[in-house]
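Novice: Let me begin by handing over the structure; questions about it come next.
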Amino acid sequence: MAWIWMLSAAGAVLLWVISLGRILSSPAPSCLPPLRGDRRNRNVLLVVAHPDDESMFFAPTIMFLNSRGHRIHILCMSQGNADGLGNFRKEELYNACDTLKIPRNQVKALDHPKLQDGFHEKWDHGLLAELAMEHVQLWDIDLIVTFDSYGVSGHPNHRDVHHGIWYRRLFVMFSSYTYINTLQKV
Ligand SMILES: [Zn+2]
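Structural data, given as structure tokens:
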């Protein structure tokens, strides 16, 4: 029966990529905010909670965006230190980004005392919003990709990241399978 599961998973990934492709390739300016200046590609910020989230949950999205020439930036809100392996996991994040072709100066893993990895850690949504906005300005970001409200896997830190991005009422575009937060009303 494993093939049924594999087929379903492959179908879900395919629908995700098609859905994202529709949004990003749409010529309608109402779909995404217009690009500033003469830029043709977007600065995308992926906000995750722990090292490995980028690979486990967003690798197809990252590869698709890369293939279209968009510049991916990753803000990882913790070093994933729940088991005391934070330094090791942070290095794994940078190594994964080498493979995903994201330059290291476009990747940051924070180690904030109030944002430590753990199922029982409650992350402040205002603080998450503040940190996200700092990096939006730092990297001149056009749009944000992050977890859905369930945090994809249900991890409380993932869910807090979702609500942190919503905190500033960053506007969300919805297609059937993808949430993308934009910085302008759509
Ligand atoms: Zn995670």
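According to mature numbering (1 follows the signal peptide of the UniProt record, and there is no 0), the sequence shown holds residues -21 to -1, 1 to 165 in order.
Backbone N, C-alpha and C fix where the C-beta goes; we use that ideal spot for every residue, glycine too.
Does the beta-carbon of residue 32, which I'm using as the reference point, lie nearer than 7 Å to any heavy atom of ligand 1?
Specialist: Correct: residue 32 has its Cβ closer than 7 Å to ligand 1.
Novice: Does the distance from the C-beta atom of residue 95 to that of residue 57 stay below 8 Å?
Specialist: Contact: yes.
Novice: Comparing C-alpha positions only, which one of 133, 44, 80, 76 sits nearest to residue 31?
Specialist: Of the listed residues, the one whose Cα sits closest to residue 31 is 76.
Novice: For residue 33, which residues in the same chain have their Cβ closer than 8 Å to its Cβ, ignoring the five residues on either side in sequence?
Specialist: 25, 27, 41, 53, 55, 72, 75, 76, 79, listed in sequence order.
Novice: When the Cα of residue 131 is compared with those of 48, 85, 29, 36, which residue comes out closest?
Specialist: With distances taken between Cα atoms, residue 131 lies closest to 36.
Novice: In three-state DSSP terms, what is residue 88?
Specialist: Here residue 88 sits in strand by DSSP.
Novice: Roughly how many angstroms lie between the CA atoms of residue 121 and residue 113, to the nearest whole one?
Specialist: In a straight line, the C-alpha of residue 121 is about 13 Å away from that of residue 113.
Novice: Any heavy atom of ligand 1 closer than 7 Å to the Cβ of residue 66?
Specialist: No, ligand 1 has no heavy atom inside 7 Å of this Cβ.
Novice: Could you check whether residue 110 and residue 140 sit closer than 8 Å to each other, using their CB atoms as the reference points?
Specialist: No, they are not a contact pair.
Novice: Would you check if the distance between the CB atom of residue 68 and the CB atom of residue 22 is smaller than 8 Å?
Specialist: Their beta carbons are not under 8 Å apart, which means residue 68 does not touch residue 22 by this criterion.
Novice: Please say whether residue 97 and residue 38 have beta carbons closer to each other than 8 Å?
Specialist: The answer is no: Cβ separation not under 8 Å.
Novice: Please report the straight-line C-alpha distance between residue 7 and residue 143, rounded to a whole angstrom.
Specialist: For residue 7, the predicted structure reports a pLDDT of 40, less than 50, and the residue's modelled location is therefore unreliable. A value from the coordinates is still provided. For residue 7 and residue 143, the distance between alpha carbons rounds to 29 Å.
Novice: Nearest CA to the CA of residue 44: which residue from 20, 59, 64?
Specialist: Minimum Cα distance to residue 44 is reached at 20.
Novice: Looking only at its own chain, which residues have a Cβ that is under 6 Å from the Cβ of residue 5, when we skip the five neighbours before and after it?
Specialist: Any reading at residue 5 is ruled out, since the residue's pLDDT is 48, under 50, leaving its predicted position unreliable.
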